[in-house]
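**Student:**
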Amino acid sequence: MNKLSDGKPSITNKILSSIFVAIVLIGFVLLSISLIGIKLDFTTLFQYKFRLWQGFLMTILISLGSFVISLFFGLITALGQRSKVLVVSYLCKIYVQIIRGTPLLVQIYLFYYIIGTAWGVNNRYISGILILSLFEGAYISEIIRGGFESIDRQKYEIAKSICLTSTKTFKYVTLPILLARILPSLAGQFASIIKDSSLLSVIAVIELTQTTQEISADNFRMFENYIFIGALYFLLTFTVSLISKRLEKRYNHELRA
Amino acid sequence: MNLELDNICKSFDKQVVLQNVCFHDDITSVAIIGPSGSGKSTILRIIGGLLTPNSGVIKIDGNRIAFTEISLQRYRKDIGFVFQSNGLFEHMTATENVVLPLIHTFGMAKTDALSIADKLFDRFGLAEEKNKYPNQLSGGQQQRISIARAVAVKPKLLLLDEPTSALDPEYTNEVLDMLRELQTEGLNTIIVTHEMGFAKNACEKVIFLANNTIIESGKSSDIFKAPKSKELQLFLSKVLEWTV
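Sequence lines, in order, name chains G and C. Take the first sequence: its letter number 131 is residue 130 in numbering that gives the first Met the number 0, and every next letter is one higher. Take the second sequence: its letter number 98 is residue 97 in numbering that gives the first Met the number 0, and every next letter is one higher.
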């Protein structure tokens with residue numbers, strides 16, 4: 000029998016293919032740049048390294064903060080959507096529908112200038128994190144709700160048959176199964192938060208994108224600036240995706256089941 | 000153990016599943032047989048305290064079971080339950096599955112629970128499987144571990160809902176052998192099964208359920224030799240048609 004027919008590509012094949020893809024992509028970008036007659040000079044960014052670093056840290060800080068708070072919003076509203084009290088259930092469902100059905104940019108303006116001003120929340124950073132959390136929370140709510148619904152009813156019957164209390168059932172049965180199932184989607188959502196945080200620049204939150212806009216107004220090197228922060232955003236999201244792959248492996252048993 | 004069922008009725012969304020089920024007898028090992036959809040699993044879940052009937056009375060050794068959640072929780076501690084399939088938690092190893100009720104329901108120390116689990120695994124030839132996850136085990140091994148989990152807590156009554164109907168024939172026997180061994184030790188068991196050979200030879204009594212109620216019950220030797228009701232005669236002639 001042909002041993003190569005097990006469907007897995009050889010290492011040489013993998014390396015050559017990666018190099019080919021990289022050459023095509025980089026070549027396409029470099030060609031495009033040369034076609035419009037620009038010479039890239041990244042050294043100009045060097046004098047802004049402190050501001051870029053600050054912006055980079057602020058993006059990480061805002062993303063982490065939003066992730067934690069949006070997890071909280073997501074969990075509360077996911078449970079709320081399943082509530083038997085109709086008022087609670089409707090409220091949570093409408094929240095998810097409206098937030099998911101309107102652009103983040105609109106929400107940022109609306110919440111910051113109308114609701115934020117009306118209720119005296121003037122700090123841009125706190126507002127920014129809250130608005131982003133509200134937005135991402137709606138997506139996380141749906142992820143968590145889907146996770147809950149994917150758990151086989153019989154698991155609860157087993158828990159009942161071995162007399163676990165409802166708290167222990169949640170701790171030892173629901174939570175581990177739920178986490179294993181939603182971790183990959185949550186990681187994806189975290190990557191979205193990192194990218195979406197760039198929109199907070201419109202209310203002058205000095206994160207990576209806003210920093211770059213300010214630098215661009217100073218050095219007029221738009222292309223270098225944006226290519227550079229594009230790479231920084233990718234560095235962040237790629238790290239998240241690597242961590243997510245490791246977590247998925249750890250919960251392998253759940254995925255194979 | 001004395002089991003008394005008095006006028007048990009149960010319906011789901013107006014669909015009647017059990018209608019006036021009555022039974023009163025001393026039991027050690029009982030097989031519940033009958034056609035699909037006759038309510039076998041439902042009556043087993045009601046006896047196990049996992050479902051509450053719409054009406055009726057259950058007495059175990061003369062004690063009436065109250066259908067409140069608090070008293071059912073206490074009642075279920077004396078009962079082991081084995082499901083048809085996927086009865087283990089997939090995110091836990093075999094050992095973790097077995098010690099879970101010992102530690103978290105019965106408040107046993109972890110070392111004691113582990114030694115109970117080890118003894119059971121050794122005894123039933125599962126020692127090599129103890130650190131595996133359910134998806135690494137055969138269906139037969141999964142069912143034997145489910146039984147081990149159920150008997151680890153030393154229940155007064157073990158209930159099994161078609162424990163072999165999702166298994167290949169070669170695995171069916173290893174599960175039934177284990178069950179037979181537990182029965183001969185005096186563990187009270189009620190098993191819903193389609194394995195007529197097991198019902199006839201290993202179980203002392205048989206309950207035949209059809210048309211939402213118990214049509215016939217009695218000693219398994221009598222039931223299989225001389226079925227009285229038309230329904231049972233028809234049922235047996237169908238299920239035994241291809242028996243070797």
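Don't be surprised by glycine CBs; every beta carbon is placed ideally from N, CA and C.
Quick one: is residue 75 of chain C near chain G, going by C-beta distance under 8 Å?
**Tutor:** It does; some Cβ of chain G falls within 8 Å.
**Student:** Beta-carbon of residue 8 of chain G versus every beta-carbon of chain C: anything under 8 Å?
**Tutor:** So no, residue 8 of chain G is outside the interface.
**Student:** Taking 8 Å as the CB-CB cut-off, is residue 153 of chain G touching chain C?
**Tutor:** Yes, its Cβ sits closer than 8 Å to a Cβ of chain C.
**Student:** Give the single residue among C:129, C:132, C:186, C:147 whose Cα lies nearest to the Cα of residue 155 of chain C.
**Tutor:** Closest by alpha carbon: C:186.
**Student:** Give a yes or no on whether 8 Å exceeds the smallest Cβ distance from residue 104 of chain C to chain G.
**Tutor:** Answer yes: the Cβ-Cβ gap between residue 104 of chain C and chain G drops below 8 Å somewhere.
**Student:** Runs of 4 residues minimum, wholly inside the stretch 204-253 of chain G: which ones carry the alpha helix (DSSP H) assignment?
**Tutor:** You should have 207-218, 221-249.
**Student:** Give me the residue from C:16, C:224, C:28 with the minimum Cα distance to residue 50 of chain C.
**Tutor:** Looking at the Cα atoms, C:16 is the closest of the given residues.
**Student:** Tell me, please, which residues DSSP counts as bridged to residue 30 of chain C.
**Tutor:** Note: residue 30 of chain C sits in a beta bridge opposite C:190, C:205.
**Student:** Could you spell out where the alpha helix (DSSP H) holding residue 117 of chain C opens and where it closes?
**Tutor:** Here the alpha helix (DSSP H) through residue 117 of chain C covers 109-122.
**Student:** Only counting the same chain, and skipping five residues up and downstream in sequence, which positions put a Cβ closer than 7 Å to that of residue 8 of chain C?
**Tutor:** Excluding positions up to five away in sequence, the list reads 17, 18, 19, 52, 53, 54, 55.
**Student:** Does DSSP classify residue 55 of chain C as helix, strand or coil?
**Tutor:** Three-state result, residue 55 of chain C: strand.
**Student:** Look at the Cβ atom of residue 87 of chain C, then the Cβ atom of residue 145 of chain C, and state whether they are nearer than 8 Å.
**Tutor:** In this structure, residue 145 of chain C lies closer than 8 Å to residue 87 of chain C by Cβ.
**Student:** Which residues in the same chain as residue 121 of chain G place their Cβ atom closer than 6 Å to its Cβ, once the five residues preceding and following it in sequence are excluded?
**Tutor:** Nothing meets the Cβ criterion.
**Student:** What does residue 176 of chain G reach in chain C if we use C-beta pairs closer than 9 Å?
**Tutor:** What residue 176 of chain G touches in chain C: 88, 89, 90.
**Student:** Strictly under 8 Å for the Cβ-Cβ distance: is residue 100 of chain C near chain G by that measure?
**Tutor:** Yes, because at least one Cβ of chain G sits closer than 8 Å to the Cβ of residue 100 of chain C.
**Student:** Per DSSP, what are the beta-bridge partners of residue 216 of chain C in this structure?
**Tutor:** C:206.
**Student:** Of the residues G:166, G:97, G:106, G:238, which one's Cα is nearest the Cα of residue 129 of chain G?
**Tutor:** Comparing Cα positions, the closest option is G:106.
**Student:** Which ranges would you report for the beta strand (DSSP E) in the stretch 133-166 of chain C if only whole runs of at least 3 residues count?
**Tutor:** Counting only runs of 3 or more, we get 156-160.
**Student:** Between residue 181 of chain G and chain C, is any beta-carbon pair separated by less than 8 Å?
**Tutor:** So, not an interface residue.
**Student:** At what residues does the alpha helix (DSSP H) containing residue 68 of chain C begin and finish?
**Tutor:** Run containing residue 68 of chain C: 68-75, per the alpha helix (DSSP H) assignment.
**Student:** Below 8 Å on the Cβ atoms is my guess for residue 193 of chain G versus residue 235 of chain G; work out the distance and round it to an integer in Å.
**Tutor:** At roughly 5 Å, the Cβ-Cβ gap stays under 8 Å, so residue 193 of chain G and residue 235 of chain G are in contact.
**Student:** Go ahead and label residue 21 of chain G buried or exposed: buried means 16 or more other beta carbons lie within 10 angstroms of its beta carbon, across all protein chains shown.
**Tutor:** Looking at its Cβ environment, which holds fewer than 16 other Cβ atoms inside 10 Å, residue 21 of chain G is exposed.
**Student:** Does the Cβ of residue 242 of chain C have 16 or more other Cβ atoms within 10 Å, making it buried, or fewer, making it exposed?
**Tutor:** Its Cβ having fewer than 16 others within 10 Å, residue 242 of chain C is exposed.
**Student:** With distances taken Cα to Cα, identify the nearest neighbour of residue 48 of chain C among C:27, C:30, C:73, C:24.
**Tutor:** Comparing Cα-Cα distances from residue 48 of chain C to each of C:27, C:30, C:73, C:24, the minimum goes to C:73.
**Student:** Would you mind giving the Cβ-Cβ distance between residue 76 of chain G and residue 140 of chain G, rounded to the nearest angstrom? I have them listed as a contact below 8 Å.
**Tutor:** Sure, about 4 Å apart at Cβ, within 8 Å.
**Student:** Decide if residue 255 of chain G is buried, meaning its Cβ has at least 16 other Cβ atoms within 10 Å, or exposed.
**Tutor:** Confidence is the limiting factor: at residue 255 of chain G the pLDDT is only 47, short of 50, which leaves the residue's position unreliable and the question unanswerable from this model.
**Student:** Using a Cβ-Cβ cut-off of less than 8 Å, list which residues of the stretch 32-57 of chain C approach chain G; keep chain order.
**Tutor:** So the list reads 47, 49, given in the order they occur along the chain.
**Student:** Fully enclosed by the stretch 47-100 of chain G, which alpha helix (DSSP H) runs are 4 residues long or longer?
**Tutor:** Here the runs fully enclosed are 48-80, 85-100.
**Student:** Contact defined as beta carbons within less than 8 Å: I believe residue 99 of chain G pairs with residue 137 of chain G. What is the distance between those atoms, to the nearest angstrom?
**Tutor:** That belief holds up - the Cβ atoms of residue 99 of chain G and residue 137 of chain G are roughly 5 Å apart, short of 8 Å.
**Student:** Do residue 151 of chain C and residue 120 of chain C count as a contact pair if the criterion is CB distance below 8 Å?
**Tutor:** Not in contact: residue 120 of chain C and residue 151 of chain C (Cβ atoms no closer than 8 Å).
**Student:** Could you pull out every residue in the same chain whose Cβ sits closer than 7 Å to the Cβ of residue 102 of chain C, ignoring the five residues on either side in sequence?
**Tutor:** Taken in chain order, the residues that qualify are 109, 112.
**Student:** Relative to the C-alpha of residue 188 of chain C, which candidate in C:94, C:159, C:196 has its C-alpha closest?
**Tutor:** For residue 188 of chain C, the nearest C-alpha among the options comes from C:159.
**Student:** Which same chain residues end up closer than 8 Å to residue 77 of chain C when comparing Cβ atoms and leaving out the 5 residues on each side of it in sequence?
**Tutor:** Cβ within range, chain order: 154, 155, 156.
**Student:** Per DSSP, residue 20 of chain C forms a beta bridge with which residues?
**Tutor:** DSSP output for residue 20 of chain C lists C:7 as bridge partner(s).
**Student:** Among C:30, C:5, C:11, C:26, which residue has its Cα nearest to the Cα of residue 199 of chain C?
**Tutor:** With distances taken between Cα atoms, residue 199 of chain C lies closest to C:30.
**Student:** Between the stretch 155-171 of chain G and chain C, which residues of the former have CB atoms less than 7 Å from a CB of the latter, in chain order?
**Tutor:** From the stretch 155-171 of chain G, only 156, 157, 159, 160, 161, 162, 163, 167, 171 have a Cβ closer than 7 Å to chain C.
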